[in-house]
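S.K.: Going by the numbering used here, the sequence shown opens with residue 273, and the numbers climb by one from there.
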Amino acid sequence: MKKIVLSVICVLTLTACNFGGLFPHSSSTNDYSYSNVIPSSSNGISSSESSSSNIPSSNSSSSSNVIDKEPYNGYYVSLTSWTNGEDLKNKLYSIMRDGYKPLSYGGNTTNWQSNTKADHTKYDFEYLDIVYSNIDIYYSETQKSWQREHAFCASLMTGSPTSEAIKYKGRATDFHNLFAAQSSANGSRHNKNYGTADSTKVGYIDRTIDNGFDGYSYDAVNFEPGDKDKGRLARALFYMATMYKDDELDTANNITMKGLRLLEEAVEYIPGNAGNFAIGNLSTLLLWNKNFGVDYLEMQHNISVYQDVISIDGFAQGNRNPYVDFPELADYVYGEKKNDAGSLKDLTPSERLLGSDEHVFSHYALKSARREHQLGETLAPSDYEVVKVYQDYTYEPVTTGITHSLAGHTFSAADGDSLEATISIASQTFKYTIVLNPMASTASGPIHLSHKTGDFDILKSGQDQNVSYGNYNFVLNFTTSGNGLTQGLHVQNISTNGPGITFGSGSRPLNSLTLTTVASFTNIDAAYIKAAAGNSGSSYELTIKVNDEIVLTGGPINNSDGVFRLHGGNFATPKTGQISFIFTGTNGLRLNSIAFNYINV
273 MKKIVLSVIC
283 VLTLTACNFG
293 GLFPHSSSTN
303 DYSYSNVIPS
313 SSNGISSSES
323 SSSNIPSSNS
333 SSSSNVIDKE
343 PYNGYYVSLT
353 SWTNGEDLKN
363 KLYSIMRDGY
373 KPLSYGGNTT
383 NWQSNTKADH
393 TKYDFEYLDI
403 VYSNIDIYYS
413 ETQKSWQREH
423 AFCASLMTGS
433 PTSEAIKYKG
443 RATDFHNLFA
453 AQSSANGSRH
463 NKNYGTADST
473 KVGYIDRTID
483 NGFDGYSYDA
493 VNFEPGDKDK
503 GRLARALFYM
513 ATMYKDDELD
523 TANNITMKGL
533 RLLEEAVEYI
543 PGNAGNFAIG
553 NLSTLLLWNK
563 NFGVDYLEMQ
573 HNISVYQDVI
583 SIDGFAQGNR
593 NPYVDFPELA
603 DYVYGEKKND
613 AGSLKDLTPS
623 ERLLGSDEHV
633 FSHYALKSAR
643 REHQLGETLA
653 PSDYEVVKVY
663 QDYTYEPVTT
673 GITHSLAGHT
683 FSAADGDSLE
693 ATISIASQTF
703 KYTIVLNPMA
713 STASGPIHLS
723 HKTGDFDILK
733 SGQDQNVSYG
743 NYNFVLNFTT
753 SGNGLTQGLH
763 VQNISTNGPG
773 ITFGSGSRPL
783 NSLTLTTVAS
793 FTNIDAAYIK
803 AAAGNSGSSY
813 ELTIKVNDEI
823 VLTGGPINNS
833 DGVFRLHGGN
843 FATPKTGQIS
853 FIFTGTNGLR
863 LNSIAFNYIN
873 V
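1. Where do the ends of the beta strand (DSSP E) carrying residue 707 lie?
2. For residue 644, which of 489, 345, 655 has the nearest alpha-carbon?
3. Counting Cβ pairs, one atom from each stretch, are 3 or more of them under 8 Å apart for the segment 368 to 379 and the segment 441 to 455?
4. Could you name the residues that DSSP lists as bridge partners for residue 399?
5. Taking contact to mean 3 or more Cβ pairs, one atom from each stretch, closer than 8 Å, check whether the segment 346 to 364 and the segment 402 to 414 are in contact.
6. Buried or exposed for residue 556, please, with buried defined as at least 16 other CB atoms from any protein chain shown within 10 angstroms of its CB.
7. How would you call residue 669, buried or exposed, if buried means at least 16 neighbouring beta carbons within 10 angstroms?
8. Around the Cβ of residue 430, are there at least 16 other Cβ atoms within 10 angstroms (buried) or fewer (exposed)?
9. Quick check on residue 474: buried or exposed, where buried means 16 or more other Cβ atoms within 10 Å of its Cβ?
10. Measuring straight from C-alpha to C-alpha, what distance separates residue 437 and residue 549?
11. Roughly how many angstroms lie between the CA atoms of residue 496 and residue 542, to the nearest whole one?
12. Terminal residues of the continuous beta strand (DSSP E) containing residue 676?
13. Taking the continuous beta strand (DSSP E) assigned at residue 378, which residues delimit it?
14. Nearest to residue 684 by CA position, among 532, 774, 529, 647, is which residue?
15. Return helix, strand or coil for residue 448, following the three-state DSSP convention.
16. Measure the alpha-carbon distance for residue 862 versus residue 829 and round it to whole angstroms.
17. For residue 577, which residues from the same chain have a beta carbon less than 6 Å from its beta carbon, with the 5 sequence-adjacent residues on both sides left out?
18. Do residue 819 and residue 841 come within 8 Å of each other at the CB atom, strictly closer than that value?
19. Measure the C-alpha to C-alpha separation of residue 501 and residue 456 and round it to an integer number of angstroms.
20. For residue 687, which three-state DSSP category applies?
21. Using only the alpha-carbon positions, how far apart do residue 621 and residue 679 sit?
22. Assuming the contact rule is C-beta atoms closer than 8 Å, residue 853 and residue 814 should be a hit. Round their C-beta distance to whole Å, please.
23. What is the DSSP secondary structure of residue 804, reduced to helix, strand or coil?
24. Reducing DSSP to helix, strand and coil, say where residue 367 ends up.
25. Starting from the Cα of residue 485, find the closest Cα among 370, 407, 613, 619 and give me that residue.
26. So, helix, strand or coil for residue 621, using DSSP?
27. Does the beta-carbon distance from residue 602 to residue 354 come in below 8 Å?
28. Looking at the unbroken alpha helix (DSSP H) that takes in residue 455, where does it start and where does it end?
29. Near residue 634, which residues of its chain fall below 7 Å by C-beta distance, leaving aside the five closest residues on each side in sequence?
30. Can you check which of these residues, 688, 372, 821, is closest to residue 802 by C-alpha distance?
31. If you compare alpha carbons, which of 505, 609, 528, 547 is closest to residue 357?
32. Across which residues does DSSP place residue 486 in a beta bridge pair?
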């Protein structure tokens with residue numbers, strides 16, 4: 273007898289936006305507070321280092337703030353003093369425009385890489401610190417869990433819908449204005465102003481938690497982010513109103529888009545050149561800038577857009593946000609000091625408070641990890657990378673002193689659908705989840721569904737469908753509340769979290785689905801299927817049969833995080849016959865792959 277591993281990968285492919293947060297600081301008019309708080313990370317990264325470090329506040333009038341070396345490697349060397357806010361704004365504009373290279377938003381290849389580099393968390397480079405939430409998101413969860421948020425709404429600054437505005441390099445594609453954001457919150461914000469949400473107004477929604485530190489709230493006009501995000505979003509708006517202060521002209525000197533402004537009153541979207549080209553609540557933004565200082569992750573975003581992010585255009589944007597580097601500048605350009613003269617040497621650079629101008633050790637971080645493995649594979653040192661990070665945001669790989677909880681482990685069915693892994697180095701630990709997949713298939717080619725109609729597979733309820741993959745054949749049968757061929761099940765190709773197919777939808781809900789092998793197999797000892805529900809509002813129970821005997825039951829199969837999970841397991845005793853996977857539930861079902869192991873005489 274020999275052990276045969278059969279993995280039928282029904283890669284059902286049809287051919288057809290931890291974090292660095294900020295606590296409020298009660299301050300005098302000229303007192304800027306910077307605090308860097310890193311709580312327990314939702315992605316499992318932890319450290320025995322102090323969870324928070326308060327960076328001392330600075331006073332712009334203090335003689336101790338005199339700079340004894342050029343800040344930011346001389347980026348602001350041409351800026352020594354100014355006569356008033358308008359003079360300062362013009363000088364900052366010249367500095368910001370020097371070396372600036374506009375990036376594409378995406379085109380045919382969405383430029384997500386820029387934000388995955390700029391907004392990754394402090395301790396795990398594959399997770400993103402997103403605005404409007406303190407739950408870190410895995411970088412590949414684009415559109416489904418995170419999107420890119422325009423701090424200065426694209427529609428408000430261009431007079432066009434976002435889908436049109438981002439087609440052109442410039443103000444709507446500036447990555448100092450783009451942040452990884454929680455998807456549903458991004459949709460709720462729409463084109464609202466940042467400001468204080470009024471609980472007495474119609475349409476008020478409160479999504480804040482942790483005493484307002486996290487989440488968001490909004491009314492019909494204003495969207496109020498949590499305290500951890502207020503400072504960085506305000507400083508992005510100051511940047512935009514300086515960087516794009518001038519009208520944009522065509523070759524005939526006609527104004528195509530007006531210069532951007534920050535107004536005291538909230539504004540509403542007006543399409544076309546009659547639009548405001550502005551955003552409101554300036555006094556609130558200045559208060560946020562003053563009360564919520566620059567933290568580690570905001571400076572990382574600033575540096576990354578300046579020089580570290582290599583976009584699909586092949587270069588970084590090449591400029592800095594001066595309001596991140598010197599938050600007090602906002603008071604001179606937009607606030608109560610806009611009529612005053614000033615000198616840069618009297619201001620404290622954020623890099624000095626953060627220590628980011630020093631090449632000294634800061635912490636260790638998980639740069640990458642292989643988070644999916646096939647059954648039968650053994651974890652190797654090449655499956656993860658730990659780096660030593662310095663205060664200036666540079667890092668280097670670490671190869672010694674690392675302990676991995678699963679070193680040399682061979683993944684098997686006994687591990688279930690996932691395992692928790694722990695990496696330890698010095699006083700830090702990194703925890704992450706490894707998802708297990710069926711063994712690799714020897715079959716090839718796309719899944720074939722019968723009854724294909726036009727560009728879609730619209731299948732009839734209660735009718736057996738022939739399904740083939742490679743050399744293996746299945747029979748598919750389902751029930752749905754739809755009836756008739758044109759009202760049957762809508763089958764769509766999906767690519768989120770790997771290849772596969774989704775069956776059913778909210779409008780054509782899937783009540784049950786059965787996949788049965790045409791052939792019989794001898795001495796089957798395990799069966800698996802990798803699946804997820806179609807959306808977070810649906811779930812399914814799974815039953816696995818050999819012939820008419822139920823050998824495994826389980827569930828619910830849901831979609832709380834949009835990730836395919838491995839379901840099934842080992843049989844108590846080997847079986848012989850046809851294998852059936854039976855799903856019962858509501859709404860849509862997503863299938864990724866099938867595997868079953870058996871002993872063949």
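By construction, the Cβ of each residue, glycine as well, lies at the ideal position given by its N, Cα and C atoms.
Small disclaimer: the values here were computed from a predicted structure and weren't measured.
M.R.: So, from the data block:
1. 700 to 709
2. 655
3. yes
4. 410
5. no
6. buried
7. exposed
8. buried
9. exposed
10. 13 Å
11. 21 Å
12. 674 to 676
13. That residue, residue 378, is in no beta strand (DSSP E); it is neither H nor E in DSSP.
14. 647
15. coil
16. 10 Å
17. 390, 447, 448, 589
18. no
19. 16 Å
20. helix
21. 44 Å
22. 7 Å
23. strand
24. helix
25. 407
26. coil
27. no
28. 455 to 461
29. 661, 662, 663
30. 688
31. 609
32. 481
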